[in-house]
Amino acid sequence: MATIDATTHAPAAGTLTRAVIDTFDRYVVPNYRRFPVCLVRGTGSRVWDAEGTEYLDLFPGWGCNLLGHCPEPVVRAVQEQVARLIHVPNTWYTEPQGEWARLLSERSFGGKAFFCNSGTEANEAAIKLVRLRTDGRRHKLITFRGGFHGRTMGSVSATAQPKYHEGLGPMLAGFSFAPHGDLDAVEKLVDDQTGGILVEPILGEGGVVPAPEGFLQGLRRIADEHDLLLVFDEVQCGCGRTGTWFGYQHFGVTPDIITLAKSLCAGISGGAMLTRADLAVHLRPGMHAATFGGNPVAAAAGIAAIRMIEEEGLLDHVTAAAEIFRARLEELRHHCPAVVAVRVIGMMIGVELAIDGAAVVEGCLEKRLLVNCTQGRVIRLLPAMTITPAEIHDGCDRLGEAIVEAAART
């Protein structure tokens, strides 16, 4: 068992981990805040570090490992694919990419897929498609405060959070920001150069906040009245995480475009933009591309992930697991004043606190539990769809202890 650093409450780095950290310090750009832990293997909701310490992971792969670490059907599909064909450019046809597009189309609103490698790339494709539909005459998009759309210049310009703009200005022109949930503000921002509305049906980085009642319906109405494209960023809430294939299916509102990534390939890098078939023609050859987009390995993983979810009944399992989380966390809220609110939408969970969340994350790490803090005071959990009831109870026990202890120190 690893020892604990008394100053950070994190595991003290062992000899193997220290060697890896030294290599990073010398050769890797330090643009991430990293915990002094070197993970070497994982299965399901468990991971192990270089010293053999086991952790329960309630935020696997930053939301990418929707099926847990190393899900066997996905591992097998990837292993078989890399033995046949790893990469070919998109100047050729491949069977896996076409099949993957079909499976996504049939589980969403129909239409066609553009494949890329990440969520920010998917959003860049959507931004371009909105502009290309009118050859740039209606280039503006309305986005929302608290939203997050990625790190490339188009996507970060679309993100209405000033902290992500610091030192990067000027931002790309053409984005107007409205308060989340405020339809009147949206109406006032629409002009003859507005081409679309970009919104997360459920804010992820913004604190796991679902759209207010009637908000998405109102955006659909505004889009229809003004001939705008309604784009749903489902990079975090899509692909089954919420108990339906896509987050929009909870709200009874169909967008014109959705963007996907993170859990799309169960941990393999992959992104996609799904669009109505009549809009797809505007993303014409030469206007957008992704060299690795839809490559055979990512496609094999994406196909295997969809099949695993269906064959193992994981959408229903998500619904049942969410109720266990909800019951346990509401019980915690009832007994612990430091817990302000609990938001559970499938395997998207936000625990809003009255105290600094960073201290809770450190306390969880000390208890060998991996979680995330966003917006300063929201503990964000994105558990695997395969998590067991026993693991949920174990994780809630550890999280509750960490919150109580952090609150006592405040």
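When we follow this note's numbering, the leftmost residue of the sequence shown carries the number 371, and every step to the right adds one. Backbone N, C-alpha and C fix where the C-beta goes; we use that ideal spot for every residue, glycine too. Quantities reported herein were computed from a predicted structural model and do not represent experimental measurements.
query	result
Option nearest P655 by Cα separation, candidates L573, F484 and V458	F484
Opposing strand residues paired with T413 [DSSP bridges]	R416
Exposure of V398, with buried meaning 16 or more beta-carbon neighbours within 10 Å	exposed
In DSSP terms, what D767 is bridged to	Answer by DSSP bridge pairing: none, since D767 is not bridged.
Alpha-carbon spacing of V667 relative to E476, whole angstroms	21 Å
Neighbourhood of G524 by C-beta distance below 6 Å, restricted to the same chain and skipping five residues each side	E494, I497 and L542
Buried/exposed call for G617, threshold 16 Cβ in 10 Å	buried
Counted within 10 angstroms of its Cβ, other Cβ atoms place L538 as buried (16 or more) or exposed	exposed
As assigned by DSSP and simplified to three states, the class of R703	helix
Cut-off 7 Å between Cβ atoms - residues of its own chain near R521, not counting five sequence neighbours on either side	T490
Per-residue burial, M782 [other beta carbons within 10 Å of its own, 16 or more giving buried]	Within the shown structure, residues of the chain are numbered from 371 to 780, placing residue 782 beyond reach of any answer.
Contact set for C486: own chain, Cβ-Cβ below 6 Å, skip 5 residues either direction	A492, G641, A660 and G663
Presumed contact (8 Å Cβ cut-off) between L474 and L649, rounded CB distance	Rounded, the Cβ-Cβ distance is 16 Å, inconsistent with contact.
Rounded separation between A836 and K632 - CA only	With the chain running from 371 to 780 in the structure shown, residue 836 is simply not present.
C734, DSSP secondary structure in three states	helix
First through last residue of the alpha helix (DSSP H) which encompasses F405	Careful: F405 lies outside any alpha helix (DSSP H) and carries neither H nor E.
Residue range of the alpha helix (DSSP H) that includes D594	F585 to H596
Under the three-state DSSP convention, the category C486 falls into	strand
Beta-carbon spacing of V314, L589 below 8 Å	What the structure shows of the chain is the stretch from 371 to 780, and residue 314 is not part of that stretch, so it cannot be assessed.
Candidates V605, L586 and G544, of which the one nearest W432 by Cα	V605
Exposure of A778, with buried meaning 16 or more beta-carbon neighbours within 10 Å	exposed
Boundaries (first-last residue) of the beta strand (DSSP E) holding R678	Residue identity differs from the one stated: residue 678 is Met in this sequence, not Arg. Not the beta strand (DSSP E): M678 falls in the alpha helix (DSSP H), residues P666 to E681.
Beta-carbon proximity of T612 to M718, cut-off 8 Å	yes
Same chain only: Cβ atoms within 7 Å of T378, ignoring 5 sequence neighbours per side	Summary for T378: the model assigns pLDDT 48, below 50, so the residue's position carries little reliability; its value from the coordinates is reported in the next sentence. Same-chain partners within the cutoff: E732.
DSSP state of C434 mapped onto helix, strand, coil	coil
Endpoints, alpha helix (DSSP H) assigned at L553	L553 to L559
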